[in-house]
Amino acid sequence: MSEYVMRPKRNNELWLTEYSTDNLKLSMRVKSVLHSEKTPYQELLIADTYEYGRTLMLDGAYQLTERDEFTYSEMMAHVPICAHPDPKNVMIIGGGDGAIMREVLKHGCVKKCTLIDIDERVIESSKKYLPFAGCSFDDARADVKCMDAMKYIRETDERYDVVIIDSTDPVDFAAGLFQSGFYEDVKRVMTDSAMLSELTESPFTDTDIMTQAIREMRKVFPCVRMYWGVVPTYPSGMWTYGLASMRESSFEPLRMVKPTRYYTSEIHRASFVLPPFLEEMIK
81 MSEYVMRPKR NNELWLTEYS TDNLKLSMRV KSVLHSEKTP YQELLIADTY
131 EYGRTLMLDG AYQLTERDEF TYSEMMAHVP ICAHPDPKNV MIIGGGDGAI
181 MREVLKHGCV KKCTLIDIDE RVIESSKKYL PFAGCSFDDA RADVKCMDAM
231 KYIRETDERY DVVIIDSTDP VDFAAGLFQS GFYEDVKRVM TDSAMLSELT
281 ESPFTDTDIM TQAIREMRKV FPCVRMYWGV VPTYPSGMWT YGLASMRESS
331 FEPLRMVKPT RYYTSEIHRA SFVLPPFLEE MIK
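End of the sequence shown sits at 363 in our numbering; the numbers just go up one at a time, nothing left out.
Here is the structure:
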């Protein structure tokens, strides 16, 4: 007597997986792979996914997705710019996809936005495959430099009102980030009233990096605060940011910006209200 065994149906599904920790991962089902290459600095992959649309991955980590990137880009850009009294000159370290620069250039008061990303291939690929992010590169106020940001800030004579650090994880060519020496270098190119914003990772998956970043910023700047928001495709979904100023500041919003999908003046204020567990972590 024969026995019929039900077996899973074979298929050709392709999934992208980021390992957030050794025991946590996030996967997305892929419609199509749009671009893949090994640049001189990292593995670059752009794919179209069913759940979150087009996504950029670097070295196996999600950098942005079409569906939720605004939750991150708006908070990185608008919090420091809206809190600054007169932000004319802005620098972005990293951010080669262009999404944060797109948000910065929504502010008419910004006269120039300098973006420094070491990997030219990220910029060119974003222009081609991620137009919702890379649309800002053609703006007349965009000054794009493909080079080592650390070298640039040590040599430039420019001074910036707002600095936004959209870095990769602090490994390999980015290993010097989140250190007081790096912040000292950045401080040299900041004006007397300048502000700096930086991603400080997740309190659940990257606790050590988060606390180190805030601790090192406090060694250099007189006024440092943490704010937070949600980014669904970043590890744990809860994301933190560091905000530093060259002088004492309340970081209150001083201007409006439109259009936005996440950021408002109310969200700006609320983002500085930290849950008790997070306050305890960064004491």
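Ideal Cβ placement from N, Cα and C applies to all residues, glycine included.
A quick note: this is a predicted structure, and the numbers were derived from the prediction, not measured.
Cβ-based burial, residue i [other Cβ within 10 Å; buried from 16]
i, result
"Met227", "exposed"
"Phe357", "exposed"
"Trp95", "exposed"
"Gly261", "exposed"
"Tyr99", "exposed"
"Leu125", "buried"
"Val269", "buried"
"Met336", "exposed"
"Thr313", "buried"
"Met86", "The predicted position of Met86 is uncertain, since its pLDDT is 49 and thus under 50; a value taken from the coordinates is nonetheless stated next. With fewer than 16 other Cβ atoms within 10 Å, it is exposed."
"Arg305", "buried"
"Gly188", "exposed"
"Leu138", "buried"
"Met81", "Summary for Met81: the model assigns pLDDT 43, below 50, so the residue's position carries little reliability; its value from the coordinates is reported in the next sentence. Label assigned to Met81: exposed."
"Glu83", "The predicted position of Glu83 is uncertain, since its pLDDT is 47 and thus under 50; a value taken from the coordinates is nonetheless stated next. By the 10 Å Cβ count, Glu83 comes out exposed."
"Thr97", "exposed"
Closer than 8 Å to chain D by CB, residue i
i, result
"Pro167", "The displayed structure is made up of one protein chain only, and chain D is not part of it."
Beta-carbon spacing of residue i, residue j below 8 Å
i, j, result
"Leu276", "Ile245", "yes"
"Ser135", "Thr145", "According to the sequence as given, residue 135 is Thr; it is not Ser. Yes."
"Ser153", "Arg109", "no"
"Val170", "Val242", "yes"
"Val311", "Asp148", "yes"
"Ser205", "His115", "yes"
"Leu279", "Met156", "yes"
"Pro165", "Ser273", "yes"
"Ile198", "Tyr121", "yes"
"Arg201", "Glu117", "yes"
"Ala47", "Phe258", "Look at the range of the chain in this structure, 81 to 363, and you will see that residue 47 is not part of it."
"Lys192", "Asp223", "yes"
Top-ranked residue by Cα proximity to residue i, from the options
i, options, result
"Thr285", "Tyr307, Gln292 and Met318", "Met318"
"Arg221", "Glu93, Arg298 and Lys168", "Lys168"
"Phe301", "Asp288, Met326, Ile203 and Lys338", "Met326"
"Ala141", "Pro339, Arg341, Glu281 and Trp308", "Glu281"
"Tyr321", "Arg268, Ile362, Glu123 and Phe212", "Ile362"
"Tyr130", "Ala213, Ile180, Asp166 and Glu93", "Glu93"
"Glu332", "Gly309, His158, Thr151 and Thr236", "His158"
"Ser330", "Thr340, Arg341, Thr344 and Tyr307", "Tyr307"
"Ile347", "Phe212, Met137, Asp102 and Ala163", "Ala163"
"Met328", "Leu185, Lys186, Arg298 and Lys191", "One point to set straight first is that residue 328 is Glu, not Met, in the sequence displayed. Closest by alpha carbon: Arg298."
"Ser351", "Pro160, Gly214 and Leu106", "Pro160"
beta-carbon residue i near the ligand HEM non-hydrogen atom, thresh 7 Å
i, result
"Ser345", "Ligands in the displayed structure: none, and consequently the ligand HEM is not present."
Checklist entry - Can you give, in chain order, each stretch of the alpha helix (DSSP H) that sits fully within the region 154-213 and has at least 4 residues? => result 179-184 and 200-209
Item to check | Entirely enclosed beta strand (DSSP E) segments - the region 120-155, minimum 3 residues | outcome: As far as the region 120-155 is concerned, its whole beta strand (DSSP E) runs of at least 3 residues are 123-129, 133-138 and 141-145.
Item to check | Whole runs of the beta strand (DSSP E) within the region 271-311, excluding any shorter than 3 residues | outcome: 303-310
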